[in-house]
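Below is one structure, written out as structure tokens, with a few remarks after it.
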Amino acid sequence: MAVATARKPARRRTAKPEPEPVKCTPCGGTGEVSRAVRVGRKQRVVGQQTGMCLACFGSGEATTD
Ligand SMILES: [Zn+2]
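Under the numbering used here, think of the first position of the sequence shown as 21, with each following residue one higher.
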């Protein structure tokens, strides 16, 4: 008599569970920060510019070193 055994698809992961990446605070994990573009003597804001986050260098993850 055959016994029907429900087999779950075995997904074996040999990789170690990676620690969750800590999001970079200034950019919130996006790797980009928007900053106001100012021109002139009065530093008038003419718009916003998106630049690479200098805290994480665009990786979005907080660096620990
Ligand atoms: Zn960042």
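Ideal Cβ positions, reconstructed from N, Cα and C, are used throughout, including at glycine.
Boundaries of the beta strand (DSSP E) in which Ala56 is found, first to last residue: In the sequence shown, residue 56 corresponds to position 36, counting from 1. Unbroken beta strand (DSSP E) run through Ala56: Glu52 to Val59.
* What residue range is occupied by the uninterrupted beta strand (DSSP E) comprising Val65? -> Translated into the one-based positions of the sequence shown, residue 65 becomes position 45. Where Val65 is concerned, the enclosing beta strand (DSSP E) stretches over Arg64 to Met72.
Worksheet item: Which residues in the same chain have their Cβ closer than 7 Å to the Cβ of Cys44, if we skip the five residues on either side of it in sequence?
Response: Translated into the one-based positions of the sequence shown, residue 44 becomes position 24. If we look at Cys44 and ignore the five residues flanking it on each side, its Cβ neighbours are Cys73, Ala75, Cys76, Gly80, Glu81 and Ala82.
**Asked** Can you find a heavy atom of ligand 1 that lies under 7 Å from the Cβ of Ala75?
**Response** Counting from one through the sequence shown, the residue named residue 75 turns up at place 55. Remark: the shortest separation between the CB of Ala75 and any heavy atom of ligand 1 falls under 7 Å.
Tell me the DSSP secondary structure of Lys43 in three-state form. Looking up residue 43 in the sequence shown gives position 23. Strand.
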